[in-house]
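Heads up: the structure comes next, in structure tokens.
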Amino acid sequence: MDFRVLESMLPYFTTIYGNPSNINNIAGTTARNAVEDALYEIADYFNAISINDIIITSGATESNNLAISGVLDNKANSHIIVSCIEHPSVIEVCQYWQAKGTEVTFLPVDSEGRIDLKDLEKSIKKETCLISVMSANNEIGTIQPIYSIAEIAKKHRVLFHTDASQYLLHHRIDVQKIPIDMISFSGHKMHGPKGIGGLYISKSARSSLSPIIHGGGQQLNLRSGTLNVPGIIGISTAFRIARETQAEMNEKMYHMMKVFFQRLDLDMNYHVNGSIDKRIPNNINMYFDNVSAKALINLLPDIAISTGSACNSGKKALNYVLKNIGLTEEEIEYSFRIGMSKYTTEEEMISVADSIMNAVYQIRKSI
Ligand code: PLP
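Position in the sequence shown (first residue = 1) + 9 = the numbering used here.
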């Protein structure tokens, strides 16, 4: 987490402790004013019209559930379209609705992890009520053509939701320019706190959404529960810092990625999974022929690389994202993911490349 995020949150755990939904006392109104300022900051990131367009949740998992279940709640026998490489918080909720009778199209992707826009348009039918395609993938970093998807959705009068958790640290989305109805976001993907996130929802889409959490009627009755004030302040600070620093940060990260690969190029052949140019700058997913990722990771205990995202790395089944971009079982077992942050340095990337090359030599010598 960015230290400035932590600093901005601290007073809201202690001195400014009011409940923003209780405006009968000064403690409540002080908290309420702070939350409103924070919501303006977040709404501004999307160039949204009103702070009512921002619903705060416990993270992108809940936001994705709200976007999909919230739309399908009254339309269980309709049709929705999602890509086959969505995060489990989209895939699993779709499978839940599929078991209840909703028709779900899981769009295939190409070898870079991009959907085909013609496939998408062909899949739309009169029962289609929602398209959900992520802005950037959490395993391979591939960026989807969200502008074009939004235009297709609008042309066919279908709602479009995008899970932008991985994307928003690096790029803003201007909803006045791209007609996206719902956008999921998450604090801990932006150097903000964990356990906080939200859903941008346009005013016109709001009437199609039912709540999935019922209670005291907070947040226009769309997400009941006492607001997590420190979390909201923290995530709004993370949005502000992202807005102010992302151009420079992205440039630095793309440079570090280049330096990393140039170092490997000196001595090794390797394969990069996902797109080279349509990729968020903090994600490297790759493999070396005949080198098991597990063996590699075991030899590098000081480097936080993994066989997949946190949601996949504990699972026994083959990584479905890599499978869906066409990798063989062996290639999937060789593949690993490196995530950079804005605090990663060029020296660290060089040293990681050197350590990986040493480990690859050791493994190859032993087989
Ligand atoms: N969507 C994507 C693309 C993610 O990478 C993640 C994070 O793991 C999530 C959703 C879930 O976010 P959260 O951990 O905030 O629930």
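Heads up, the beta-carbon is just placed ideally off N, CA and C, and yes, glycines get one too.
Coil, strand or helix - residue i by DSSP
i, result
"Asp286", "coil"
"Ala36", "helix"
"Ser211", "coil"
"Cys103", "helix"
"Ser157", "helix"
"His280", "strand"
"Gly348", "strand"
"Ala304", "helix"
"Asp46", "helix"
"Gly196", "helix"
"Ile51", "helix"
"Ser98", "helix"
"Phe169", "strand"
"Glu16", "helix"
"Ala378", "For residue 378 there is no data in the structure shown, the boundaries of the chain being 10 and 376."
"Asn147", "coil"
"Ile63", "strand"
"Tyr176", "coil"
Limits of the alpha helix (DSSP H) - the one that residue i falls within
i, result
"Asn259", "Val238 to Asp274"
"Thr70", "Ala69 to Leu81"
"Glu130", "Leu126 to Ser132"
"Lys341", "The displayed chain sequence assigns Ile, not Lys, to residue 341. Where Ile341 is concerned, the enclosing alpha helix (DSSP H) stretches over Glu338 to Tyr343."
"Tyr329", "Tyr329 to Asn333"
For residue i, the first and last residue of its enclosing beta strand (DSSP E)
i, result
"Leu139", "Thr137 to Ser141"
"Ser360", "Run containing Ser360: none in the beta strand (DSSP E); it sits in the alpha helix (DSSP H), Glu355 to Ser375."
"Val91", "His88 to Ser92"
"Asn28", "Here Asn28 belongs to no beta strand (DSSP E), and DSSP marks it neither H nor E."
"Phe115", "Glu112 to Leu116"
"Ile295", "Position check: residue 295 holds Met in this sequence, whereas Ile was assumed. From DSSP, the beta strand (DSSP E) with Met295 extends over Asn292 to Tyr296."
Beta-carbon separation (whole angstroms), residue i vs residue j, contact threshold 8 Å
i, j, result
"Val281", "Met265", "The Cβ separation is near 15 Å, so there is no contact."
"Leu81", "Leu208", "Contact flag wrong, Cβ pair sits at about 15 Å."
"Val118", "Asn333", "6 Å"
Distance cut-off 7 Å: residue i Cβ against heavy atoms of the ligand SAH
i, result
"Asn73", "You won't find the ligand SAH in this model; what it holds is the ligand PLP."
| task | Report yes or no: do three or more beta-carbon pairs, one from the region 41-56 and one from the region 246-258, lie closer than 8 Å? | result | yes
| message | Count Cβ pairs between the region 123-131 and the region 168-176 that sit closer than 8 Å; are there 3 or more? | response | no
| query | Given 8 Å as the limit, is there contact between the region 267-276 and the region 137-145, that is, 3 or more CB pairs closer than that? | reply | no
| query | Should the region 30-49 be regarded as contacting the region 160-170, the criterion being three or more beta carbon pairs within less than 8 Å? | reply | no
| Would you call the region 141-155 and the region 230-241 in contact, with 3 or more CB pairs under 8 Å? | no
| query | Can you find at least 3 beta carbon pairs, one from the region 88-96 and one from the region 197-213, that sit closer than 8 Å? | reply | no
| Does the count of Cβ pairs from the region 221-230 and the region 186-201 closer than 8 Å reach three? | no
| Stretch-stretch touch, CB-based, cutoff 8 Å, three pairs: the region 356-376 with the region 295-311 | yes
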